[in-house]
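Colleague: Questions regarding the structure given below will be posed in turn.
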Ligand code: ZN
Ligand code: ZN
């Protein structure tokens, strides 16, 4: 075991922090990996070095016995109480498409879909991917009563819709039947306060559909025997919350490097700057080295950086333990440049929830976590994995404690008491 005592200009002075979240990292022992988890079986010389120099442990992002979604888990890891600031997925998804969501807005996740004779033929409009800007442009500046609407296309058939105006509420159901060959569900308000919202939303969808029918892109798609994008399916209504910015909460300027819209959205609602100067995709394949370079660039400008990698979660959902292990191998190689940031930067690596391959979904199992940097008191763990970190010096912590612990380790916590 290497014992390292850092020599630095001023202890903890000017230290920065980077939080690396590997989505769905945690797993269970896999038969295909001879009883190891993908992380345990992966070749992780970088993460093992970081574990050896640093302190490790286990964390439950939201709480013991709770299976987190990615959005709520990230909010908790940024130190926010998801039960207070999570108001549905809509506002976070909308924020991630660069739609500037304001507190009080009602936001929806939206699919561009194909409808024929009142029946949803395809929920994804033939997986439309090109030319959707025309749809975005055509659906701008639609005002219904005193409510402004903002529509923004995302990747492929995905889009976001925001209603902005007085007297709106988020207690409305969506119209997505979730299967093809059925009529859209009728939109209903589940509270008296949301009656106006339901009325506006229904009218908007009708109006949008009429406009979409007339667009060149659909004329072209039909002539090419492709399904037209002539209907909007909305779901996940949420009222954009008031969230104290990361900077005012912690006194740190923060940037986010992520591919997936939801993660950019969560970071952006928390007031982080989004660094899009990379080729990461938010899935697989992706360009991990370019994300790591972007994160290092962000760290030159800002005091805190959040780097997100999504693929680990996808491979858990797909029950692909070998590929999950190989993807972790790739991550480990990609993050090697982070070793040069030590000791001036505190590096924290963890996941947002476990996505065990055999469950094909998220689970309530805790995540391994490591923190390495100048002010850290190293423990005796020399390997980053679900089981080795059970013996770590951080013990078992809550997700909402991660940033406060990081702040303590970079000398940014004020004394409580005299
Ligand atoms: Zn996740
Ligand atoms: Zn997932």
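Numbering (this note's numbering), first residue to last: 28 to 445. All C-beta atoms, glycine included, are put in the ideal place defined by N, C-alpha and C.
So does residue 310 have its beta carbon nearer than 7 Å to some heavy atom of ligand 1?
Modeller: no
Colleague: Compare the Cα-Cα distances from residue 431 to each of 82, 143, 106 and 173 and report the closest residue.
Modeller: 106
Colleague: Give the DSSP-derived three-state secondary structure of residue 123 in the structure shown.
Modeller: helix
Colleague: Thinking C-beta only, is residue 86 closer than 8 Å to residue 415?
Modeller: no
Colleague: Pick out whichever of 208, 118 and 157 has its Cα sitting closest to the Cα of residue 150.
Modeller: 208
Colleague: Nearest-angstrom Cα distance between residue 72 and residue 335?
Modeller: 20 Å
Colleague: Starting from residue 395, trace the alpha helix (DSSP H) in both directions and tell me its first and last residue.
Modeller: Per DSSP, residue 395 belongs to no alpha helix (DSSP H); it is in the beta strand (DSSP E), 394-399.
Colleague: Name all residues in chain order for which at least one heavy atom of ligand 2 lies closer than 6 Å to the residue's CB.
Modeller: After applying the 6 Å Cβ criterion, the set is 51, 97, 340, 344, 382 and 389.
Colleague: Give a yes or no on whether the C-beta atoms belonging to residue 372 and residue 400 are separated by under 8 Å.
Modeller: Their beta carbons are under 8 Å apart, which means residue 372 touches residue 400 by this criterion.
Colleague: Mind checking which residues open and close the alpha helix (DSSP H) that includes residue 344?
Modeller: 338-344
Colleague: Could you give the residue range of the alpha helix (DSSP H) that holds residue 408?
Modeller: Run containing residue 408: none; DSSP gives neither H nor E here.
Colleague: So what's residue 267 in DSSP terms, helix, strand or just coil?
Modeller: coil
Colleague: Out of 111, 228, 194 and 250, which one is the CA nearest neighbour of residue 219?
Modeller: 194
Colleague: Need the endpoints of the beta strand (DSSP E) that residue 140 sits in, please.
Modeller: 133-143
Colleague: When you compare the CB positions of residue 54 and residue 381, do they come within less than 8 Å of one another, or not?
Modeller: yes
Colleague: Is the stretch 354-369 close to the stretch 56-72, with three or more CB pairs under 8 Å?
Modeller: yes
Colleague: Measuring CA to CA, which of 39, 250, 246 and 45 is closest to residue 324?
Modeller: 45
Colleague: Could you check whether the Cβ of residue 256 sits closer than 7 Å to any heavy atom belonging to ligand 1?
Modeller: no
Colleague: Using three-state DSSP, classify residue 295 as helix, strand or coil.
Modeller: helix
Colleague: Residue 303: buried (16+ other C-beta within 10 angstroms of its C-beta) or exposed?
Modeller: exposed
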